[in-house]
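Undergrad: Next up is a structure, given as structure tokens.
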Amino acid sequence: MFMPMSTDAGDGFGVCLTIKNPQSAHHHGQIKSGPPFGTAQVRSNTVLYHISGHLHNRQKQNKIKLNKNVFGDSPAVPEYKVADAKKSKFILLHFSTFKAGWDWLILLATFYVAVTVPYNVCFIGDEDLTRSTTVSDIAVEILFIIDIVLNFRTTYVSTSGQVIFDAQQICIHYMTTWLIIDLVAALPFDLLYAFNVSVVSVVHLLKTVRLLRLLRLLQKMDRYSQHSTVVLTLLMSMFALLAHWMACIWYIIGKKEMDSNVHTTWDIGWLHELGKRLELPYTTVNGSANSGPSLRSVYIASLYFTFSSLTSVGFGNVSANTDAEKIFSICTMLIGALMHALVFGNVTAIIQRMYSRWSSYHTRTKDLKDFIRVHHLPQSLKQRMLEYFQTTWSVNNGIDSNELLKDFPDELRSDIAMHLNKEVLERAVFSSLSHGCLRSLSLHIKTTFCAPGEYLLRQGDALQALFFVCSGSMEVLKDGMVLAILVCSL
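In structure tokens:
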């Protein structure tokens, strides 16, 4: 005979172990069972005896035994991470922490090059051989050279999925892929400035080849795609970088048109208009345009125009006046439309993924409230349903583990279930079971929650599972009288 079992004042969590008995049958309200059901009943009594605390010392010994024998040693490191690692201590693992940090440093250096090279080519040119960025430019070139050396000693994953540790194969692979681009990007152009060597404009244009290192970023985008915040930051950085490049081109268009019309009274270009607005007009001295606004003001105006054109249709305070400027403005608007679809579309998807769990919670809460309203459930039932839903959501965050793991192989699901239910399987009642039996048993363990005041079993209910109290406490009642209190003994 089963007594009503009710949870105490605190929240209770339990593990439900379902045991199916194909030999049991119902006949005139009585349950007939063979030996398996008898075994289950004996184990049920053992559980109650165990919970009462009489097996406290035995439990500690069994935990040590089970930790060593049942659950086995900790999982071994995947073979592809340790195979042939001892062949050479000078081989750098591509999945090591040092390589990950180095890749981030090279990424920052690449962004630095992508910003400074177009600016120096367009705004500075040959005018300033002692730029303030010469030291940092030389430091970036040294980083690129060191990166080439490290790439000759870094493992890689072949097309068959194997990690290659052989130094000769690594060299051949690197020489046939990224070596040429990395070599061109690492050419020490800035050492010419350091030694005050005369530099022609062609050298400035050759430095733009360093922008090809951005292709390495596209190669590694799949590595960062799992982190929404990183992808969001990279997308916005690429958008700002594009606006910076187009600002440099916008300045070059205005500068070239102004230089080509220096011997005339032509003054309708956007640079002339900017000079008039700032009351710093351009003047012609010895056949070249001088004075005018500072480079800082001109760059900010250029960047303002490209950002306003890429994100909208502009505001007119910096506008295109000549044919070349209008053609560039049209191209900027077209690129802006494409960037809206590419960048901001991905940004929207990333933000939706970041708040998908929050949206799912409110959707299910609304469905629950609509169900209660449609079926006119009483206030007591409504409160119990909402409390149960909110508590279970706080425990599992709305993740259905069975649905999530159903497509995984049985071997992997068993290992996951063994880990999730390790504390339950360490009980003395399971000490005599084999490792294989425990793995099969772990797949049938389910976690359930009972709110305070809820009844788990009533007298006359058919026992379909064994329950283990994992958190909180439960009362055994008969005619409103508490016969026993079952507490967690894990």
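Using UniProt numbering, count along the sequence shown one by one with no gaps and you end on 490.
Think of the CB as a built atom: it goes at the ideal place given N, C-alpha and C, for glycine as much as any other residue.
For ALA240, tell me which candidate among HIS376, LEU310, GLY292 has the shortest Cα-Cα distance.
TA: The sequence position of residue 240 within the sequence shown is 240, counting from 1. Per the Cα distances, LEU310.
Undergrad: May I have a chain-ordered list of the beta strand (DSSP E) segments no shorter than 3 residues that lie completely inside the UniProt domain "Cyclic nucleotide-binding" (429 to 490)?
TA: Taking only runs of at least 3 residues, the beta strand (DSSP E) segments lying wholly in the UniProt domain "Cyclic nucleotide-binding" (429 to 490) are 445 to 450, 455 to 457, 465 to 471, 473 to 478, 481 to 487.
Undergrad: What is the DSSP secondary structure of LEU92, counted as helix, strand or coil?
TA: Counted from its first residue, the sequence shown places residue 92 at position 92. Here LEU92 sits in strand by DSSP.
Undergrad: Below 8 Å on the Cβ atoms is my contact criterion, and I expect PHE339 with LEU242 to pass it. Report the Cβ-Cβ distance as a whole number of Å.
TA: As a position in the sequence shown, residue 339 is number 339, starting the count at 1. As a position in the sequence shown, residue 242 is number 242, starting the count at 1. One detail in the question is off: residue 339 reads as Met in this sequence, not Phe. Between LEU242 and MET339 the Cβ distance is about 7 Å, and since that is below 8 Å, they are a contact.
Undergrad: Does the beta-carbon distance from LEU381 to LEU368 come in below 8 Å?
TA: Position 381 of the sequence shown holds residue 381. Position 368 of the sequence shown holds residue 368. For LEU381 and LEU368, no; Cβs fall outside 8 Å.
Undergrad: Is it the case that the region 411 to 420 contacts the region 435 to 454, given that we only count it when at least three CB pairs across the two stretches are under 8 Å?
TA: The region 435 to 454, when compared against the region 411 to 420, does touch it at the 8 Å Cβ threshold.
Undergrad: Applying the criterion that 16 or more other CB atoms from any shown protein chain within 10 Å of the CB defines a buried residue, is LYS86 buried or exposed?
TA: The residue you call residue 86 lines up with position 86 of the sequence shown. At LYS86 the pLDDT is 48, less than 50, meaning the model places this residue with poor confidence; the figure from the coordinates comes in the next sentence. Its Cβ having fewer than 16 others within 10 Å, LYS86 is exposed.
Undergrad: So for SER394, helix, strand or coil by DSSP?
TA: Position 394 of the sequence shown, counted from the start, is the residue given in the question as residue 394. Helix, per DSSP.
Undergrad: Considering only C-alpha positions, which residue in the set VAL140, ILE138, VAL157 is nearest to LEU92?
TA: To locate residue 92, count along the sequence shown from 1; it is residue 92. Of the listed residues, the one whose Cα sits closest to LEU92 is VAL157.
Undergrad: List the whole-angstrom C-beta distance separating LEU150 from LEU105, where the pair is believed to meet the contact cut-off of C-beta under 8 Å.
TA: If you number the sequence shown from 1, residue 150 lands on position 150. If you number the sequence shown from 1, residue 105 lands on position 105. With a Cβ gap of about 11 Å, LEU150 and LEU105 do not count as contacting.
Undergrad: Thinking just about the alpha-carbon of each residue, which of GLU411, ASP410, HIS435 is nearest to the one in LYS422?
TA: By 1-based counting over the sequence shown, the position of residue 422 is 422. The candidate whose alpha carbon is nearest that of LYS422 is HIS435.
Undergrad: Starting from LYS366, follow the alpha helix (DSSP H) in both directions and report where the run begins and ends.
TA: Taking the first residue of the sequence shown as position 1, residue 366 is located at position 366. That run of the alpha helix (DSSP H) goes 356 to 375.
Undergrad: Determine the contact status of VAL113 and LEU235, defining contact as a CB-CB distance below 8 Å.
TA: What you label residue 113 is simply residue 113 of the sequence shown in a count that begins at 1. What you label residue 235 is simply residue 235 of the sequence shown in a count that begins at 1. Result no, Cβ atoms of VAL113 and LEU235 do not sit closer than 8 Å.
Undergrad: Tell me which residues share the same chain as TRP393 and place their Cβ nearer than 7 Å to its Cβ, disregarding the 5 neighbours each side in the sequence.
TA: Here the question's residue 393 lines up with position 393 in the sequence shown. Closer than 7 Å at the Cβ level, and outside the excluded window around TRP393, lie TYR361.
Undergrad: Could you give the first and the last residue of the continuous alpha helix (DSSP H) run that contains ILE148?
TA: As a first step, residue 148 must be located in the sequence shown, where it is residue number 148. From DSSP, the alpha helix (DSSP H) with ILE148 extends over 134 to 151.
Undergrad: Does the distance from the C-beta atom of CYS488 to that of CYS470 stay below 8 Å?
TA: In the sequence shown, counting from the first residue as 1, residue 488 sits at position 488. In the sequence shown, counting from the first residue as 1, residue 470 sits at position 470. Against a cut-off of 8 Å, the Cβ pair of CYS470 and CYS488 comes out as a contact.
Undergrad: Is there at least one Cβ from chain E nearer than 8 Å to ALA243's Cβ?
TA: Reference to chain E is not applicable here, since this structure consists of a single protein chain.
Undergrad: Leaving aside the five residues before and after TRP250 along the sequence, list all residues of the same chain whose C-beta is less than 7 Å from its C-beta, in chain order.
TA: The residue you call residue 250 lines up with position 250 of the sequence shown. Cβ within range, chain order: SER302, PHE305, THR306, PHE328.
Undergrad: Measure the C-alpha to C-alpha separation of ALA139 and GLY254 and round it to an integer number of angstroms.
TA: Here residue 139 is taken as the residue at index 139 of the sequence shown, counted from 1. Here residue 254 is taken as the residue at index 254 of the sequence shown, counted from 1. For ALA139 and GLY254, the distance between alpha carbons rounds to 33 Å.
Undergrad: Helix, strand or coil: how does DSSP classify ILE300 here?
TA: For the purposes of this step, residue 300 is taken as the residue at position 300 of the sequence shown. ILE300: helix per DSSP, three-state reduction.
Undergrad: Which of helix, strand or coil does DSSP assign to LEU55?
TA: The residue given as residue 55 occupies position 55 in the sequence shown. Confidence is the limiting factor: at LEU55 the pLDDT is only 40, short of 50, which leaves the residue's position unreliable, though a coordinate-based value still follows. In this structure, LEU55 counts as coil in the three-state DSSP scheme.
Undergrad: Classify GLU411: buried if its beta carbon has 16 or more other beta carbons within 10 angstroms, exposed otherwise.
TA: One-based indexing of the sequence shown puts residue 411 at position 411. Exposed, because fewer than 16 other Cβ atoms sit within 10 Å of the Cβ of GLU411.
Undergrad: For a quick check, are the C-beta atoms of LEU211 and VAL115 less than 8 Å apart?
TA: Translated into the one-based positions of the sequence shown, residue 211 becomes position 211. Translated into the one-based positions of the sequence shown, residue 115 becomes position 115. Against a cut-off of 8 Å, the Cβ pair of VAL115 and LEU211 comes out as no contact.
Undergrad: In the DSSP output, which residue or residues are listed as bridge partners for THR154?
TA: Taking the first residue of the sequence shown as position 1, residue 154 is located at position 154. Partner(s): LEU92.
Undergrad: Taking the Cβ atom as the reference point for each residue, do THR176 and HIS94 lie within a distance shorter than 8 Å?
TA: Here the question's residue 176 lines up with position 176 in the sequence shown. Here the question's residue 94 lines up with position 94 in the sequence shown. It is not a contact, given that the beta carbons lie outside the stated cut-off.
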